[in-house]
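Visitor: Numbering (our numbering), first residue to last: 16 to 433. We treat Cβ as the ideally placed atom computed from N, Cα and C, and that holds for glycine.
1) Where does residue 153 land, buried or exposed, given buried means 16+ other C-beta within 10 angstroms?
2) Closest to residue 422 by C-alpha separation, out of 94, 202, 128 and 396, would be which residue?
3) Note down, in chain order, each residue of its chain lying with its Cβ closer than 8 angstroms to the Cβ of residue 119, except the 5 sequence neighbours on either side.
4) For the alpha helix (DSSP H) containing residue 260, list its first residue and its last residue.
5) Relative to the C-alpha of residue 30, which candidate in 333, 317 and 66 has its C-alpha closest?
6) Can we say the region 141-148 touches the region 330-347, given the rule of at least three CB pairs closer than 8 angstroms?
7) Counting beta carbon pairs with one atom in the region 16-27 and one in the region 48-66, are three or more of them shorter than 8 angstroms?
8) For the region 97-183, list the alpha helix (DSSP H) runs that are entirely contained and at least 4 residues long, ordered along the chain.
9) Is the CB-CB distance between residue 389 and residue 312 below 9 angstroms?
10) Just confirm the distance between the C-beta atoms of residue 112 and residue 26, as a whole number of angstroms; I'd bet it's less than 8 angstroms.
11) Please tell me whether residue 290 and residue 205 are closer than 9 angstroms, where the distance is taken between their beta carbons.
12) So the candidates are 258, 54, 93 and 271; which of them puts its Cα closest to the Cα of residue 71?
13) Throw me the rounded Cβ distance for the residue 46 and residue 69 pair, which I believe falls under 8 angstroms.
14) Enumerate in chain order the residues of its own chain whose CB-to-CB distance from residue 410 is below 7 angstroms, with the five nearest sequence positions on each side excluded.
15) Would residue 338 pass as a contact of residue 287 if the rule is Cβ separation under 9 angstroms?
16) Could you please give the first and the last residue of the uninterrupted beta strand (DSSP E) stretch that includes residue 275?
17) Report yes if the CB atom of residue 170 is closer than 9 angstroms to the CB atom of residue 135, and no otherwise.
18) Per DSSP, residue 304 is paired with what?
19) Could you tell me the distance, in whole angstroms, from the CA atom of residue 126 to the CA atom of residue 132?
20) Kindly indicate the opening and closing residues of the beta strand (DSSP E) around residue 389.
21) For residue 379, which residues does DSSP report across the bridge?
22) Using the Cα positions of residue 165 and residue 100, report the straight-line distance between them to the nearest angstrom.
23) I need the DSSP call for residue 338, collapsed to helix, strand or coil.
24) What separation, rounded to the nearest whole angstrom, lies between the Cα atoms of residue 194 and residue 299?
25) Would residue 253 be called buried (16 or more neighbouring beta carbons within 10 Å of its own) or exposed?
26) Measuring straight from C-alpha to C-alpha, what distance separates residue 221 and residue 213?
27) So who's on the other strand from residue 214, going by DSSP bridges?
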């Protein structure tokens, strides 16, 4: 198969790494890719935001399959264009993808179909949003309705912080058009967990889970980031057959069925961000693609050929294939630029790649080559990932290696998996 993979992050580097292992892949091109994908595929300089050019390139180059990594092309309707052109695609349509691209859409769908989630209200008027603060207990959660790169969620401890957050999102437009409307919801207490399932719009695979660390600092101290590390499976928080059954029956199955009944079947990988409350698992958010850095811990555990899964999704017969995950523990830690997720500097030389242990995978995100040298080019620069027989040894292995990779201002959390 001739395959086009869209994206340029560590997630896409990991997907490319997995795809390149499949005997079904004869040619892999990544748009725009990064220094990591360059080593295992051909990169083509097309922005993930240039929907028209990506579509034209897919047609003119006669790709057999297009895999969409990030969420922006899904919101732009690239899947729809590819499907209409007769090209197989891995990634939901724009309409089904609203599960992620519009929090108000997702929350309303969940309320309508009795899918457990936090109580909420949606606001498009700043005055109405402020007045609502008199009717809800603190702490509360305020979310920008649209895409905000994982940073559009603020936990507010009191009224003043809530007022400031509403102003920041709706008046100051901190997240641009993503903040035209906001969701204000109750604050839920419990362990967070990321749960994934492949689906062809009707059938869905067995669930797999990871724990993602969103906060920048150790001990889960703010601010929010796109993700600083992850591990899988989360057996330490009772990830077992019983919990999987509850999540499948109360969340995954009904949301797939609801979208199907509305005429917008969801095909791809469904990512449910959940919180395990005293009342049971509840949905914090849905994402319509692999997570980052969750991908870097999930795909090393995937035993089934990823391309076989994708083909069965396109054929609508996912129920005929067994999606299997190995029992090993996988762990990843993100190496970021000092100042991320706020103001940070780039252009610092990176060294130490050749000193890493053999069973360490390194996935590129914010890097580029200048005069033959690797330098930093983003907030999240690299992800180090490994797989082991137990979580403690996986964590120990990563932290024995991570200081071997050096650049000025390098920062990482010290408590991933601990």
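Guide: Once the coordinates are examined:
1) exposed
2) 396
3) 137, 160, 196 and 198
4) 256-262
5) 317
6) no
7) yes
8) 113-116, 118-127, 141-147 and 174-181
9) no
10) The Cβ separation is near 16 angstroms, so there is no contact.
11) yes
12) 93
13) 6 angstroms
14) 346, 431, 432 and 433
15) no
16) Element bounds for residue 275: not the beta strand (DSSP E) but the alpha helix (DSSP H), 268-276.
17) no
18) None, per the DSSP bridge assignment.
19) 8 angstroms
20) 388-391
21) 397
22) 31 angstroms
23) coil
24) 18 angstroms
25) exposed
26) 8 angstroms
27) 219 and 283
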